[in-house]
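**Q** For the sequence shown, the numbering used here gives the first residue as -1, with consecutive numbering after it. Cβ coordinates follow ideal geometry from the N, Cα and C atoms, glycine included.
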Amino acid sequence: MTQIRLHSTALNSEIEINRIIGSHQGEAEGPTLIFLAGVHGNEPAGVFALHRVINFIKEKHVPISGNIYCLAGNLKALRRKARFISEDMNRIWTRGRIDLLPETPEEAESEEIAEQVEVYNQIREILKAHPGPFYFFDIHTTSSETLPFLTVNDSLLNRAFISQYPIPVILGIEEYLNGPILSYINELGYVAFGFEAGQHDDLASIENAEAFTLLSMVFTGALKQEDIDYHRFYDMLAKTAGDVRHVYEIYFRYLIKPEAKFEIEPGFFNFQRIHKNQLVARNNGHEIRAKTNGRIFLPLYQNQGTDGFFAIRRIKRFFLNLSTKMRKHRLDRVLVWLPGISWLDDKRSALVINRNIARFLAKQLLHLLGYRSIEKSEKYLLAYNRESEARKQDYELANWYARIYDSV
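(1) Per DSSP, which residues does Tyr378 bridge with? Please list them.
(2) Name the two residues that bound the continuous beta strand (DSSP E) containing Val278.
(3) Taking Ile90 and Gly177 to be in contact with their CB atoms under 8 Å, please state how far apart those CB atoms are, rounded to whole angstroms.
(4) Can you name, in chain order, every residue of its own chain whose Cβ lies under 6 Å from the Cβ of Leu48, other than the five neighbours on each side?
(5) Determine the burial state of Phe316: buried for a count of at least 16 other Cβ atoms within 10 Å of its Cβ, exposed for fewer.
(6) Mind the definition here: the stretch 274 to 281 touches the stretch 240 to 259 only if three or more C-beta pairs lie below 8 Å; say whether that holds.
(7) List the whole-angstrom C-beta distance separating Arg17 from Leu73, where the pair is believed to meet the contact cut-off of C-beta under 8 Å.
(8) Just the Cα atoms here: how many angstroms apart are Gln120 and Leu366?
(9) Are the Cβ atoms of Ala43 and His229 separated by less than 8 Å?
(10) Compare the beta carbon distance of Gly306 and Leu298 with 8 Å and say whether it is the shorter of the two.
(11) Which same chain residues end up closer than 6 Å to Gly24 when comparing Cβ atoms and leaving out the 5 residues on each side of it in sequence?
(12) Is DSSP giving Trp341 helix, strand or coil here?
(13) For the candidate residues Asn397, Arg77 and Phe295, whose alpha-carbon lies nearest to that of Thr218?
(14) Find out if the Cβ-Cβ distance for the pair Ala220, Leu349 is shorter than 8 Å.
(15) Which stretch, first to last residue, makes up the alpha helix (DSSP H) that contains Gly292?
(16) Would Leu419 and Val167 be called neighbours here (beta carbons separated by less than 8 Å)?
(17) Please state whether DSSP places Gly240 in a helix, a strand or coil.
(18) Roughly how many angstroms separate the alpha carbons of Ala388 and Asn10, rounded to a whole number?
(19) State yes or no: is the C-beta of Arg287 within less than 8 Å of the C-beta of Gln276?
(20) Scan the stretch 196 to 282 and note each continuous beta strand (DSSP E) run of 3 residues or more that stays entirely inside, going in chain order.
(21) For the beta strand (DSSP E) that contains Gln114, what are its first and last residues?
(22) Who does Leu4 pair with in a DSSP beta bridge?
(23) Return the residue from the list Ala8, Leu154 and Phe191 that minimises the CA-CA distance to Glu172.
(24) Please report the residue range of the alpha helix (DSSP H) in which Asp97 lies.
(25) Mapping the DSSP letters down to three states, classify Asn397 as helix, strand or coil.
(26) Going by beta-carbon coordinates alone, are Phe231 and Leu212 separated by less than 8 Å?
(27) My understanding is that Phe308 touches Ile248, with C-beta atoms under 8 Å, so please give their C-beta distance in whole angstroms.
(28) May I have the straight-line CA-CA distance separating Thr304 from Ile254, to the nearest angstrom?
(29) Please go through the same chain and pick out, in chain order, the residues whose beta-carbon is closer than 8 Å to the beta-carbon of Thr140, but skip the five residues on each side of it.
(30) Rounded to whole angstroms, what's the CA-CA distance from Arg384 to Glu57? Just pull it up for me.
(31) To the nearest angstrom, how far is it from the Cα of His128 to the Cα of Ile66?
(32) Can you tell which of Val45, Ile355 and Ile402 has the C-alpha that lies nearest to the C-alpha of Phe135?
(33) Buried or exposed: Asn40, going by 16 or more other Cβ atoms within 10 Å of its Cβ?
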């Protein structure tokens, strides 16, 4: 098994890890939690945070219900301190590519595929070994200054669970990213979402990731509040949010083409307000200006990556409540009465929409009904519904489940 040594500038320390950063099986029955960090090799903060949390639990004999697994994503890229080697490991978890995965890393055609095979096999082993319920958490950091936030595929199951955290929420990023690991996990029906802890390898990012990990254990029922300094960790994250503790959606992405010379303007940070016509970046010498008022999200200040920046806007509580009611009553069934719209299969997991019809079908309506992951072909759109995949029955006994039809 591959073992690597990682150095943290923020902590001025080193650790040795392999695919499993650490694990712990509790004495009592409970949920199974899978934490993932280092999917991008230039994001070591989450790896160090998980390593510290697992050591804390074992050294202090903190009582755990259920099972905790902490996995490292891209070991080869972590060793090189690079986002990836040949391709972004967080863009290769599509249905088609997973169906073609080789059985062993040795058969893989690239470094990232080899890493993916090991992570995929490890997750499958965990799912087979335990009855559930299962929770997945993917920890990241960003190249620009940021406060902590959650990225969530938009299902009511995810919304209900993440409403326990005191930090901003970004819905719908799966519309803009092709093949992130969380979309694959959500397609299996499990609670799964991402946490952005801060800027790469900052001490605050490691501390935020530790707080997030321990709070997640409490929120799932794997850990009791009284067994950790719960309020300190909760307040640590709550204080970072300030006046942006809301739910947002992405409405614009600036995609960088291969070989383009892209430069974001200096000084931008996540959630910063931007105004119409404000200069945001330059691409091959051409100015890129904001088309509307909004907030900037994930401005790219590193050499690798294709997403120059996103723009986000707040979703008002009225629309969150409205979408909850529309999904609860399955109003999406009305859409197939329209010409040019049909179900993809008997499971009603997706709508097949004639693109001529799609021009008259508001994107916001699809969002309200739970359709955010949209694939395009020359003649049709495939709109996938997260609600049809959600394994609600697995979580019915959880304390947070009562929020399933409440807004974030």
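**A** With the structure as the only source:
(1) The partner list for Tyr378 (beta bridge, DSSP) reads Asn352.
(2) Where Val278 is concerned, the enclosing beta strand (DSSP E) stretches over Leu277 to Asn281.
(3) In this structure Ile90 is in contact with Gly177, their Cβ atoms being roughly 5 Å apart against a cut-off of 8 Å.
(4) Contacts found: Ile19, Phe33, Ala35 and Cys68.
(5) That one is exposed.
(6) Contact holds: three or more Cβ-Cβ distances are below 8 Å.
(7) So it is a contact: roughly 7 Å between Cβ atoms.
(8) The straight-line gap from Cα to Cα measures roughly 35 Å.
(9) For Ala43 and His229, no; Cβs fall outside 8 Å.
(10) With respect to Leu298, Gly306 sits close: the two C-beta atoms are nearer than 8 Å.
(11) Cβ-Cβ distances below 6 Å link Gly24 to Ile62, Ser63 and Gly64 in the same chain, with the five nearest sequence neighbours on each side left out; the list follows chain order.
(12) Residue state, collapsed to three classes: strand.
(13) Here the closest residue by C-alpha is Asn397.
(14) In this structure, Ala220 lies away from Leu349, with their beta-carbon atoms at least 8 Å apart.
(15) For Gly292, there is no enclosing alpha helix (DSSP H); the residue is part of the beta strand (DSSP E) that begins and ends at Gly292 to Phe295.
(16) Residue 419 lies beyond the stretch modelled for the chain, which goes from -1 to 406, so this question has no answer here.
(17) The DSSP-derived three-state label of Gly240 is helix.
(18) Asn10 has its alpha-carbon roughly 42 Å from the corresponding atom of Ala388.
(19) Contact flag set, yes.
(20) Listed in chain order, they are 245 to 253, 260 to 262 and 277 to 281.
(21) Where Gln114 is concerned, there is no enclosing beta strand (DSSP E), although the alpha helix (DSSP H) it sits in stretches over Glu109 to Ala127.
(22) Leu4 pairs with Ile13.
(23) Nearest to Glu172 by alpha-carbon distance, out of Ala8, Leu154 and Phe191, is Phe191.
(24) Going by DSSP, Asp97 is part of the alpha helix (DSSP H) stretching over Arg93 to Asp97.
(25) Correct three-state label for Asn397: helix.
(26) Contact flag set, yes.
(27) The beta-carbon distance between Phe308 and Ile248, rounded to whole angstroms, is 5 Å. This is short enough to meet the 8 Å contact definition.
(28) Distance between the alpha carbons of Thr304 and Ile254: 5 Å.
(29) Correct list, in chain order: Glu194, Gly196, Gln197, His198, Asn268 and Leu296.
(30) Straight-line Cα distance between these residues: approximately 40 Å.
(31) Rounded to the nearest whole angstrom, the C-alpha separation of His128 and Ile66 is 11 Å.
(32) Out of Val45, Ile355 and Ile402, the CA that lies nearest to the CA of Phe135 is found in Val45.
(33) Around the beta-carbon of Asn40, 16 or more other beta-carbon atoms lie within 10 Å, marking it buried.
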